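Below you'll find the structure, written out as structure tokens, and then a few comments.
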Amino acid sequence: MRQRSIHVVAAAVEETGGIGLRQQIPWHLPSDLKQFHAVTTASIDAGVQHAVIMGRKTWESLPTKVRPMPKRYNVVLIRDANYRENHQVPETVGVAASFHDALELVQHQGTKVDQIFIKGQFECDAFFPLHQLQQKFNVVKESKVKKENGVQFQLVEWERKNDESKTVNIWSSLLVDHTTPHEEMQYLDLIRKIPTQGVTREDRTVTGTLSIFGAQMRFNLRNNVFPLLTTKRVFWRGVAEELLWFISEDTNAQTLEKKKSISGTVTVPGTLEDCNHVKLVISDRSTASSGDTLVPTQVTGLKPGDFIHVFGDAHVYLNHAEPLQKQLTRIPRPFPTLHINPLKTSSIDEFSFEDCQLRDYHPQGTIKMAMAV
Numbered sequence: 074m075r076q077r078s079i080h081v082v083a084a085a086v087e088e089t090g091g092i093g094l095r096q097q098i099p100w101h102l103p104s105d106l107k108q109f110h111a112v113t114t115a116s117i118d119a120g121v122q123h124a125v126i127m128g129r130k131t132w133e134s135l136p137t138k139v140r141p142m143p144k145r146y147n148v149v150l151i152r153d154a155n156y157r158e159n160h161q162v163p164e165t166v167g168v169a170a171s172f173h174d175a176l177e178l179v180q181h182q183g184t185k186v187d188q189i190f191i192k193g194q195f196e197c198d199a200f201f202p203l204h205q206l207q208q209k210f211n212v213v214k215e216s217k218v219k220k221e222n223g224v225q226f227q228l229v230e231w232e233r234k235n236d237e238s239k240t241v242n243i244w245s246s247l248l249v250d251h252t253t254p255h256e257e258m259q260y261l262d263l264i265r266k267i268p269t270q271g272v273t274r275e276d277r278t279v280t281g282t283l284s285i286f287g288a289q290m291r292f293n294l295r296n297n298v299f300p301l302l303t304t305k306r307v308f309w310r311g312v313a314e315e316l317l318w319f320i321s322e323d324t325n326a327q328t329l330e331k332k333k334s335i336s337g338t339v340t341v342p343g344t345l346e347d348c349n350h351v352k353l354v355i356s357d358r359s360t361a362s363s364g365d366t367l368v369p370t371q372v373t374g375l376k377p378g379d380f381i382h383v384f385g386d387a388h389v390y391l392n393h394a395e396p397l398q399k400q401l402t403r404i405p406r407p408f409p410t411l412h413i414n415p416l417k418t419s420s421i422d423e424f425s426f427e428d429c430q431l432r433d434y435h436p437q438g439t440i441k442m443a444m445a446v
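Going by this note's numbering, the first residue of the sequence shown is number 74, and it counts up by one from there.
In structure tokens, the structure reads:
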């Protein structure tokens, strides 16, 4: 069976690795499009074309007039077995449930297909892992910095380091402009920074932590966006019920435990020092371990703006080092939205879990972390 060379084609923001926003490419660069067309259609032999493998979002972001992209064998990665029928995908386009299946489709094309290209996709909510690119590839060709439509960019070709068994090149358009990264990157940057720059401290659980002092994160809550981690699944009901428990001023942990239907997540007051009674005042700023913005705006008739979370002691428990490393390999997904019952406007005490509807939450898998007790 013939072994074809595989190329990855991606455009990314230089500082953040951003590659997409709301299922669209967040910039329009004619030179970038021209480069992609040239690289993926150039063939030595007549009657032979290249294959371009792409995800569903990339496929759907293509203008109708170039979907499928001409002079190339298009393959769409999608797990939905009915996607072709439901979205009128032409029979000339391959539809595969996995990358392995996509490669098999290309192999079935025989000599009609030469090389394989993988297409990836200013604010961004999808990201390319630039740190892995820089670790595993060398730059072999790069253009001068160009500017189009107010955006500076550079065309760069990368080649895998010291691996003769595979031929993988990456053509990337690195945008020079600084654009807004996914806000979850603030959290990932913190858990990357704390283990390397933090100091070892004892804690109330005697587990031990690595800690830095005075960290801060800022989140935009406009348009109902809710900053719930997407690089691991968060038990949303547990989060909401705990907040409502705090608001109710109930000191019986059993009340919360029954609602959350899980054990080991609630500290019984008196067992350990209650962190909710700790207040740090630094330069006239009061910091706390948790905060709420959306419910107060609902009952006061105001609109949510930004939520700024200031940490006094930002720490990582020593027994969480391994699962956090796993989380750092993941790329954030778009945040969900939170919709609060509009009929509840008179009192902060009248809200229940059913009044807080989380929508479009599509996180990556659960990462188990032992509870520090």
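The beta-carbon is built from N, C-alpha and C at its ideal position, and this holds for glycine as well.
Keep in mind the model is a prediction, meaning the values are calculated, not measured.
What residues match up with residue i in a beta bridge as DSSP calls it?
i: ILE431; result: At residue 431 the sequence reads Leu, which differs from the Ile that was named. In DSSP, LEU431 forms a bridge with LEU411.
i: PHE380; result: PHE292
i: VAL168; result: VAL149
i: GLN182; result: Bridge partners of GLN182: none, in fact.
i: TYR390; result: THR282
i: GLN400; result: GLN400 is not bridged to any residue.
i: GLN122; result: VAL186
Keeping to the same chain, check which residues put their C-beta closer than 6 Å to that of residue i; ignore five residues upstream and five downstream.
i: TYR390; result: THR280, THR282 and ALA445
i: TRP309; result: LEU431
i: VAL166; result: PRO141 and ASN147
Which residues in the same chain have their Cβ closer than 7 Å to the Cβ of residue i, if we skip the five residues on either side of it in sequence?
i: GLU164; result: none
i: ILE440; result: LYS305, PRO396, LYS399 and GLN400
i: CYS429; result: ALA313, LEU411 and ILE413
i: ARG157; result: VAL168
i: ARG152; result: ALA170
i: GLY378; result: LEU294 and ARG295
i: ARG265; result: LEU401
List the whole-angstrom C-beta distance separating residue i from residue j, where the pair is believed to meet the contact cut-off of C-beta under 8 Å.
i: ALA288; j: ALA387; result: 4 Å
i: ASN293; j: THR410; result: Not a contact, Cβ separation roughly 12 Å.
i: VAL179; j: ALA124; result: 5 Å
By how many angstroms is the C-alpha of residue j removed from the C-alpha of residue i?
i: ARG145; j: GLY183; result: 14 Å
i: ASN414; j: GLU427; result: 8 Å
i: ILE421; j: ASP433; result: 25 Å
i: PRO268; j: THR402; result: 15 Å
i: VAL368; j: LEU263; result: 27 Å
i: VAL139; j: LYS107; result: 13 Å
i: PRO407; j: LEU302; result: 10 Å
i: ILE320; j: GLN371; result: 15 Å
i: ARG274; j: PHE286; result: 12 Å
i: VAL112; j: GLN122; result: 11 Å
i: PRO141; j: ARG277; result: 59 Å
i: MET442; j: HIS393; result: 6 Å
i: PRO436; j: GLN188; result: 33 Å
i: VAL148; j: HIS255; result: 28 Å
i: ASN325; j: GLU257; result: 33 Å
i: GLY120; j: PRO143; result: 13 Å
i: ASP323; j: LEU431; result: 25 Å
i: VAL186; j: ALA115; result: 12 Å
i: SER35; j: GLN270; result: Outside the modelled stretch of the chain, which goes from 74 to 446, sits residue 35, for which no answer is possible.
i: SER284; j: VAL272; result: 5 Å
i: ASP118; j: ASN159; result: 36 Å
i: GLN259; j: SER425; result: 30 Å
i: TRP132; j: GLU177; result: 19 Å
i: LYS376; j: PHE299; result: 14 Å
i: ASN211; j: HIS181; result: 32 Å
i: PRO136; j: PHE190; result: 19 Å
Note down, in chain order, each residue of its chain lying with its Cβ closer than 8 Å to the Cβ of residue i, except the 5 sequence neighbours on either side.
i: LEU150; result: ILE126, MET127, GLY128, ARG129, ALA169, ALA170, SER171, PHE172 and ALA175
i: GLY374; result: THR418
i: GLY438; result: LYS305 and ARG306
i: LEU261; result: THR304, GLN400, LEU401 and PRO405
i: HIS382; result: GLN289, MET290, ARG291, PHE292 and GLY364
i: ALA154; result: ALA170
i: GLU423; result: LYS417
Practice item. Report the residue ranges of all beta strand (DSSP E) runs contained in full by the region 268-340; include only those spanning at least 3 residues, in chain order. Key: At a cut-off of 3 residues, the continuous stretches assigned as beta strand (DSSP E) that sit fully inside the region 268-340 are 272-274, 282-286 and 289-293.
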